Amino acid sequence: MNNVTKDSWRHLFSPATVAVIGASNTAGSWGNNALRGLLNNKERRVYPVNPNSPEVVGIKAYRSIMDIPDAIDLAVIVVAERIVPGVMRQCVAKGVKSAIIITSGFGEMGDEGRKLEREVADIARQGGIRFIGPNSMGHADTRSQLSTFGQFGEMPKGEVAVLAQSGSTCLKIVRSLTESGIALGKYVSTGNEADLITEDYLEYLADDDDTKIIALYVEGLRDGRRFFNLAKKITPRKPIVVVKVGGTEESARAVMSHTGALAGADAVYTAAFKQSGVIRVEDDDELCDVVYALLNSPLPRGNRAGILSIGGGPGALAAEACEKEGLAIGKLEESTITKLDGLLSSRWPRRNPVDMAGPSAAEISVVSSLLFAMMEDKNLDFILLLAPLIMDKSLLAGRLGLGPEAIKAYREKEAKNIALIREKVEAYEKPVVMMWQWRGFSDPEITGLFRQGRFIVCSNARRAARVLRYLVWYRHYLDVIAGK
Amino acid sequence: MNSTLQDVKKQGRVLLTEIEAKQVIKDAGIKIVETRLAKSQKEAVDISVETGFPVVLKIASPDITHKTDAGGVKVGLKNAAEVKKAYAEIMASVRRKYPEAKIDGVSVQSMARPGIEIIIGMFKDAQFGPVIMFGLGGIFVEVLKDVSFRLIPILKRDADEMIKEIKGYSLLNGYRGQAPAHIPSLVDVLLKVSALVEKTPDIKEIDLNPVFAYKDSALAVDARIVLE
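For the protein sequence lines, the chains are E and F, in the order given.
Residue 1 is where the first sequence starts when you use the working numbering, and the numbers rise one by one after that.
Residue 485 is where the second sequence starts when you use the working numbering, and the numbers rise one by one after that.
Rendered as structure tokens:
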């Protein structure tokens, strides 16, 4: 069922009134969490429905949704699966605008559940109610401070949307992104998709001004061709990053031709994603890495890595990881070698990876100058940085013997350098990936400086190389469709 | 719709004969080995002489899908005597194994000069609709499944990518003294298959297997088409 109206989306994501059917006093239950989470936003009118209790979490509860003296934009349904059809009928009678069914025990449980699911969907369709789920863990919109996940506290507003066909994966992705400092816009655990399907949400997010990047976890699409056509239109202006699992059902296809027998379902998904500019990653960690990079970094013009390393080993590991992912190790320009000669001891090997060859503390202070020299090299499209850009406190006080005042001055200089690196990253369209000091993120002072520089941060070479491979691929796709 | 396809539909069939499939492919502008129907032993010899030896004879019957298993294929026939003998053997074997089959005769085609073996095909995916495939033929496709896919319709850049994407791409540049494959000709075949399918939604599956790639051209050797 296509053509979800703007009103339906508004009622789902920024309802003025919400009824929680199955609101519960039992701490830790879905009906309790969802209700308390919804009460975060004081401007929203939230009505608990519970036939056995006059109050839930201290606010007046209603025996039935019919008793609520207000129009309801969104019904959150958290009752036992058997009574969901009856509840949906009441919602229709009440004129409820939209719904989310958290209750599980439907299509995911076999034939009987499927029958029940169809019954609920039919009632909703005839009554004009669009709904999320069933078997959804919730949905959220940070703009309207709405969450049916049972989350508490203010949600930071961001521009990343997440759609996931698994509730726990949805929450894991949301948590990982949040931990990397990324704020979200809308996120939905789409559940069994008995009414609204991934393709519907995608169509909505395509024109949603609050969404700049779309992250998806997909197990199977209902209408692949529609997804493909939508994605082709969306990816030139908004990146779509997807994790797709469940490449099975290959044997299901009855074919007479050789060609059909050769095509696994997964191969067709892969082709469809490639052809429509969708960045397909392997798992949720990669998804977070790539979303972070897309938000914080320009896309590299090409696939040539520049590697700046404090020693030989880290540089060799990074170079190998790059080559495995189809990235090239750029050949340094003569002018760059000359510049680096002036900054490094004569022991450096005069090629990429640039190996600082065991620098002294004083030499470490020239890392940003080395980085600038490499960023200016026309043969390099991005830089993997495996040397400290910010000095540890212990190094400054110990090896360099600086007092508190001098350390403060040193930090100011570092902050300026970081700002300058950021300017160059944008001006040259050359991402810088921080791979050495990521553990420094536990020091709030250093974390602050890194966040300011918006570096891509990766804990190991393979992860960094894979992120870059995705960025390089996406940039290439955009260039090709733009006819460059 | 193509007149060959119209005839097949009128007869209520979904599987095209070899001659019909080749006609549809030829009409789509794709170079394919000239194949003619011989309704008698004499016709088989006459066509062979016109086409030039060596030739291939294949049983032509809408009821027989697995021609080789039926003893219905003879290759490398070098002269009229061999063609005569092959014709008789094919008929004897097919009549014994498929006594009920309607037999149109035999198809006669010249042996194509060997090139790099390619497979190009199309099928319909339940989720994504028509999909086109490209791969290296022979063991590469049988054992290694070294193939690439795109959704139809494709653009030239998609065709280029499909070809470059297969693991054995470097083999197309020539190996062991074999001439390299002419990539633009393969791109052209892919685009024409895509256009044919786009124009003819009734086509459910196509196999061009093999297509021989030469240093300056590409030639489809066999074709199989299934309708909805």
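The beta-carbon is built from N, C-alpha and C at its ideal position, and this holds for glycine as well.
The model shown is predicted, which means the values in this text are computed figures rather than measured ones.
Report the rounded CA-to-CA distance for residue i versus residue j, giving the unit in angstroms.
i, j, result
"G555 of chain F", "V578 of chain F", "6 Å"
"Y428 of chain E", "E219 of chain E", "38 Å"
"G242 of chain E", "I213 of chain E", "Sequence check: residue 242 of chain E is Val here, not Gly. Their Cα atoms are separated by approximately 11 Å."
"G128 of chain E", "L74 of chain E", "13 Å"
"S104 of chain E", "G398 of chain E", "60 Å"
"S360 of chain E", "L395 of chain E", "11 Å"
"M617 of chain F", "M66 of chain E", "57 Å"
"K172 of chain E", "V677 of chain F", "44 Å"
"S166 of chain E", "Q151 of chain E", "17 Å"
"G326 of chain E", "I650 of chain F", "15 Å"
"Y653 of chain F", "E323 of chain E", "19 Å"
"A465 of chain E", "K648 of chain F", "22 Å"
"S369 of chain E", "L230 of chain E", "45 Å"
"D122 of chain E", "G181 of chain E", "42 Å"
"L478 of chain E", "E334 of chain E", "31 Å"
"V84 of chain E", "E117 of chain E", "9 Å"
"L420 of chain E", "S98 of chain E", "49 Å"
"I279 of chain E", "F13 of chain E", "26 Å"
"L384 of chain E", "M646 of chain F", "31 Å"
Start and end of the beta strand (DSSP E) containing residue i?
i, result
"K416 of chain E", "Here K416 of chain E belongs to no beta strand (DSSP E); instead the alpha helix (DSSP H) covers 404-428."
"Y187 of chain E", "184-189"
"Y659 of chain F", "Neither: Y659 of chain F is in no beta strand (DSSP E) and is coded neither H nor E."
"V366 of chain E", "Careful: V366 of chain E lies outside any beta strand (DSSP E) and carries neither H nor E."
"F152 of chain E", "No beta strand (DSSP E) holds F152 of chain E; DSSP gives it neither H nor E."
Residue i and residue j: beta carbons closer than 9 Å?
i, j, result
"L703 of chain F", "I531 of chain F", "no"
"N352 of chain E", "I307 of chain E", "yes"
"R454 of chain E", "D289 of chain E", "no"
"G599 of chain F", "Y698 of chain F", "yes"
"A576 of chain F", "A707 of chain F", "no"
"Y571 of chain F", "A544 of chain F", "no"
"L184 of chain E", "M155 of chain E", "yes"
"A362 of chain E", "S309 of chain E", "no"
"L692 of chain F", "L656 of chain F", "no"
"A206 of chain E", "K238 of chain E", "yes"
"K608 of chain F", "K688 of chain F", "yes"
"I68 of chain E", "V49 of chain E", "yes"
"R36 of chain E", "V57 of chain E", "yes"
"R222 of chain E", "G613 of chain F", "no"
When DSSP labels each residue in this structure, what does residue i get in the three-state scheme?
i, result
"E282 of chain E", "coil"
"M606 of chain F", "strand"
"G76 of chain E", "This sequence places Val at residue 76 of chain E; Gly is not what is there. The answer is strand: DSSP assigns V76 of chain E an E or B state."
"Q593 of chain F", "strand"
"Y582 of chain F", "coil"
"T178 of chain E", "helix"
"P614 of chain F", "strand"
"L287 of chain E", "helix"
"T519 of chain F", "strand"
"I514 of chain F", "coil"
"T17 of chain E", "strand"
"M575 of chain F", "helix"
"Y62 of chain E", "strand"
"T248 of chain E", "Unreliable placement is indicated for T248 of chain E, whose pLDDT of 49 sits below 50; no coordinate value is reported for it."
"R466 of chain E", "helix"
"I446 of chain E", "helix"
"N693 of chain F", "strand"
"F382 of chain E", "strand"
"A254 of chain E", "Summary for A254 of chain E: the model assigns pLDDT 46, below 50, so the residue's position carries little reliability; its value from the coordinates is reported in the next sentence. Here A254 of chain E sits in coil by DSSP."
"P668 of chain F", "helix"
"I310 of chain E", "coil"
"D479 of chain E", "helix"
Could you check where the alpha helix (DSSP H) with residue i kicks off and where it finishes?
i, result
"N33 of chain E", "30-38"
"A206 of chain E", "198-206"
"P85 of chain E", "84-94"
"R634 of chain F", "Premise fails: R634 of chain F lies in the beta strand (DSSP E), 631-635, not in any alpha helix (DSSP H)."
"V160 of chain E", "Segment 157-164 is the beta strand (DSSP E) holding V160 of chain E; no alpha helix (DSSP H) there."
"N192 of chain E", "First-last for N192 of chain E: undefined, no H or E at that position."
"D530 of chain F", "525-535"
"F228 of chain E", "224-234"
Assuming residue i and residue j make a contact with CB atoms under 8 Å, what is their CB distance in whole Å?
i, j, result
"L196 of chain E", "I132 of chain E", "6 Å"
"L177 of chain E", "V160 of chain E", "6 Å"
"D284 of chain E", "T169 of chain E", "6 Å"
"A16 of chain E", "Y47 of chain E", "The Cβ separation is near 12 Å, so there is no contact."
"F372 of chain E", "V433 of chain E", "Their Cβ separation, rounded to whole angstroms, is 16 Å, which puts F372 of chain E and V433 of chain E out of contact at 8 Å."
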